[in-house]
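The numbering of the sequence shown is the numbering used here, which starts it at 43 and goes up by one.
The block underneath contains the structure these notes are about, expressed in structure tokens.
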Amino acid sequence: MSNSAKSLRSRLLAASAPLTKKAEADQRANVAVIFAICIIPIVGLIGGDVDYSNATRVRSQMQNALDAAALAGARQRQVTGSETEARRAVENSMAANLPPELRGRSFNVTFGSGANPTVTVTMNTDVETNFAKVLGIPKFDIGGLAQTSYGTGGLEIVLALDVTGSLRADVEDMKAGARALVQTVFQSRGS
């Protein structure tokens, strides 16, 4: 280092020494500085929690809609045997039950066959964030699956007949009604 540079450095240090000593001794407003530094991650964490809670709420509502749609599709397929009608039942159920944030988004429906046919409804999408965008997280990915199976075979019927008290006199009528019910059900099922 040249003499002129050393001289300039010495003069700057000498001139700034009183200011440096004053700044070191002055501890006022330290809390404000520390708070200003800490507030950014604190707000980010709180905002991220709000966004995560919202995504969890939307995912739960989506899962409920998927469950209802799979049941509606299975019921329709069991009753009509039509995959087209079952798909329409799934679509109507999803339209009615999806949360507003997810309406109009795509989902998949698949139908399995065999002894216990299945209806599977899946959806993979995202939920936009509000606060987490500041931290570089623009969305949370969510997904769900609902699958139900149904039987195409036998039918089981359970009847409970009350033969106590005032109904005791009507036992023969109850028996006749039960027989008529069983005959009607099995005739309509082609058995």
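Just so you know, even glycine gets a beta-carbon here, dropped at the ideal spot from N, CA and C.
DSSP places V121 within a helical segment (H, G or I) once states are collapsed to three.
Membership of T160 in the beta strand (DSSP E) is indicated by the continuous run 160-170. Going by DSSP, S148 is part of no beta strand (DSSP E) at all; its letter is neither H nor E.
Across the set V224, I88, V213, R119, the C-alpha of V224 shows the shortest separation from the C-alpha of I199.
About 4 Å separates the beta carbons of R119 and A128, which is inside the 8 Å limit, making them a contact pair.
In this structure, P141 sits near Q103, with a CB-CB distance shorter than 8 Å. Note that the C-beta distance between A112 and V75 is not below 8 Å.
I179 carries a coil assignment under DSSP once its states are collapsed to helix, strand and coil. CA-to-CA, the gap between L108 and I179 works out to about 26 Å.
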